[in-house]
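Right, one structure below, let's go through it.
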Amino acid sequence: MRRPLIAIVATIAGLVALLGFKSSGGLKASHQSVSLGPTAAPSSTSPTSTSGSATTVPTTVPVAAAAPTTPPTTAVPANQTYTGNDIPFRFGDIQVAVTIKGGQIANISIPQENSRDPRSASIDSQAVPILTQEALQAQGVNINAVSGATYTSDAFAQSLQSALSNAGR
Numbered sequence: 054m055r056r057p058l059i060a061i062v063a064t065i066a067g068l069v070a071l072l073g074f075k076s077s078g079g080l081k082a083s084h085q086s087v088s089l090g091p092t093a094a095p096s097s098t099s100p101t102s103t104s105g106s107a108t109t110v111p112t113t114v115p116v117a118a119a120a121p122t123t124p125p126t127t128a129v130p131a132n133q134t135y136t137g138n139d140i141p142f143r144f145g146d147i148q149v150a151v152t153i154k155g156g157q158i159a160n161i162s163i164p165q166e167n168s169r170d171p172r173s174a175s176i177d178s179q180a181v182p183i184l185t186q187e188a189l190q191a192q193g194v195n196i197n198a199v200s201g202a203t204y205t206s207d208a209f210a211q212s213l214q215s216a217l218s219n220a221g222r
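If you're matching positions, the sequence shown starts at 54 in our numbering and goes up one per residue.
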């Protein structure tokens, strides 16, 4: 009879302590956006000062007049396809190819995908289209792993990253 009573009292005391806990401080840094041109320099009469954790940035910045320039014209290739590394994983291997059009990922294809057993092939056949769609939407490797296909997801992301690195991205 004493143990349950002690357990209940301890639980209530813990909850009261947890609910009464207040974190100290928080983020108090103020941010001010200042746009600096390529030839801008901070004024020496308005220095940047630092006190505590907040930083004050000068709001008046002299900008030197820049001569108008014509941007160089460079020919952008219509479509470039870059192939990533063939990444082996526990249940097979996968290779990703990326087609870049106008600086954007236009298409993702799988030139090589081998699974060691029928179950893995079934999982890959469901996971790879999801991974491909997510990568197209994210325009990179910032994608979520597919539940139940963790090894495939990781290998896909690694091969995609190597393809994007080959593309200079």
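Just so you know, even glycine gets a beta-carbon here, dropped at the ideal spot from N, CA and C. Note that this is a predicted model, so its numbers are computed, not measured.
Contact between I147 and I158 does not hold, since the beta-carbon distance rounds to 17 Å and is not under 8 Å.
The straight-line gap separating the alpha-carbon atoms of N138 and A216 is approximately 7 Å. About 18 Å separates the beta carbon of S218 from that of L184, a gap too long to meet the 8 Å contact definition. Per DSSP, the continuous alpha helix (DSSP H) segment holding V181 begins and ends at 171-191. In the three-state scheme derived from DSSP, where H, G and I count as helix and E and B as strand, N167 is classed as strand. Of the candidates A188, V62, I59, A208, the residue whose Cα lies closest to the Cα of S168 is A208. Under the DSSP assignment, D146 falls in the beta strand (DSSP E) whose first and last residues are 145-154. In the three-state DSSP reduction, S200 falls in the coil class, being neither helix nor strand. Between Y135 and A210 the beta-carbon gap is near 15 Å, outside 8 Å, which marks them as no contact.
For a cut-off of 8 Å, the C-beta gap from A188 to V194 is around 7 Å, short enough to register as a contact.
A residue is called buried when at least 16 other Cβ atoms come within 10 angstroms of its Cβ; V199 meets this threshold and is buried.
Taking C-alpha positions only, V151 is separated from R222 by approximately 11 Å. Less than 8 Å separates the beta-carbon of I153 from that of Q133.
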